[in-house]
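Peer 1: Pasting a structure here, questions to come.
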Amino acid sequence: AKAEGRGRFQYYSSSMTDAARDRISIDARLRRAITRGELFLHYQPQIELHSGRIVGAEALVRWQDPVEGLLAPARFIPIAEETGLIRELGAWVLREACRQGRAWLDAGLPPLRLAVNVSAQQIRHGQFDQLVEQVLRETGFPANLLELELTESVLMDAHSEVARLLDNLRARQIRIAIDDFGTGYSSLVYLKRFPLDVLKIDKGFVDGLVHDRDDRAITLAIISMARALGFKVLAEGVEDPEQLMILQAHGCDLYQGYFFSKPLPAQEFVQRLQVQPVS
Ligand code: C2E
Ligand code: CA
Ligand code: CA
Ligand code: CA
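With full-length UniProt numbering as the guide, the letters of the sequence shown map in order to residues 847 to 1125.
So this is what it looks like as structure tokens:
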């Protein structure tokens, strides 16, 4: 057995697979990373289609690991989900995004909506609304500029409790977005059961928008359904102008994607903001 951190023991054995060993190693390092300030956020602009203006950003976590260098979330979020560390990590992301958002307001930047990814585990564990409340109070970030991105799986959970949680958040004017829309459960019941604000069309459908008839049909159906239900709709992963033209022609409200910008470090995001046309 090998001691890891304060009183934590982890057992390595020869029968352990490389994947299991890798998972334990990442978990232990990630735990330290949170307290040592090795995590930071990138911000991907969200653009309003009709005006072409940046109206918000999605905060996406990055990890500057002293051993492996810069790590993308795919490398550590799934592990954090498995070990439960995602709750601490998610709280850190929320706090950091709100702190940054407040700092931008204080610096005189126009109000921008910040979207933060929330793991199903953060919701399932309870008291998530209290965390949000506390973070908003601590940072002074306006609740109406905060958007929480949930996945469909969250909505399929314990209905009454999730509904109450979302009601509480929305009573505070926080917006709720459904991430990766269309890739989760096929039931659409939750669209009328829950108070929602935004549907984010998964990149998978947007990828095929120009050349795949089915992807196009699904994308356009999601746009018209969202509009009919009174939700905003955002297309994710837009990479070229043809996709943008189709989205625009069919009344999609917002988009994000490499075509406009990759997720950017905070400073570069601010520079990007300053070149946009004044309304
Ligand atoms: P997501 O929430 O669906 O985020 C969108 C991902 O697509 C981001 O990858 C973004 O960089 C990427 N992307 C955006 N536009 C384009 C495009 O035009 N082309 C391509 N190829 N990719 C594009 P990233 O930052 O690597 O994040 C991956 C996933 O990790 C996220 O998917 C989300 O599920 C998770 N994640 C990231 N940050 C957090 C976080 O703070 N908390 C939680 N719970 N999950 C996070
Ligand atoms: Ca997201
Ligand atoms: Ca997504
Ligand atoms: Ca995704």
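Built from N, CA and C at the ideal position, the CB exists for glycine as well.
#1: Name, in chain order, the residues that DSSP records as bridge partners for Lys-1078.
#2: Below 7 Å, is the gap between the Cβ of Asp-1025 and the nearest heavy atom of ligand 2?
#3: Examine ligand 2 and report whether any of its heavy atoms sits within less than 7 Å of the Cβ of Glu-998.
#4: Are the CB atoms of Tyr-889 and Ala-865 nearer to each other than 8 Å?
#5: Comparing C-alpha positions only, which one of Glu-928, Leu-916 and Leu-1055 sits nearest to Ala-1081?
#6: Any idea if Pro-891 is buried or exposed, counting beta-carbon neighbours within 10 angstroms, 16 or more meaning buried?
#7: In its own chain, which residues sit with a C-beta less than 6 Å from the C-beta of Val-981, not counting the 5 before and 5 after it?
#8: Taking Cβ to Cβ, would you say Lys-968 is nearer than 8 Å to Arg-933?
#9: Return yes when at least one heavy atom of ligand 3 lies under 7 Å from the C-beta of Glu-1082, else no.
#10: Does any heavy atom of ligand 3 sit closer than 7 Å to the C-beta of Lys-1108?
#11: Going by CA-CA distance only, name the one from Leu-991, Pro-957, Val-1008 and Glu-995 that's closest to Gln-973.
#12: Can you check DSSP and say which residues form a bridge with Val-907?
#13: Flag this pair as yes or no: are the beta carbons of Ala-949 and Leu-994 separated by less than 8 Å?
Peer 2: This is what the structure gives:
#1: Val-1044
#2: yes
#3: no
#4: no
#5: Leu-1055
#6: buried
#7: Leu-940, Arg-941 and Cys-944
#8: A small fix is needed here, since residue 968 is Gln in this sequence, not Lys. Taking 8 Å as the Cβ cut-off, Gln-968 and Arg-933 qualify as a contacting pair.
#9: yes
#10: no
#11: Val-1008
#12: Leu-887
#13: no
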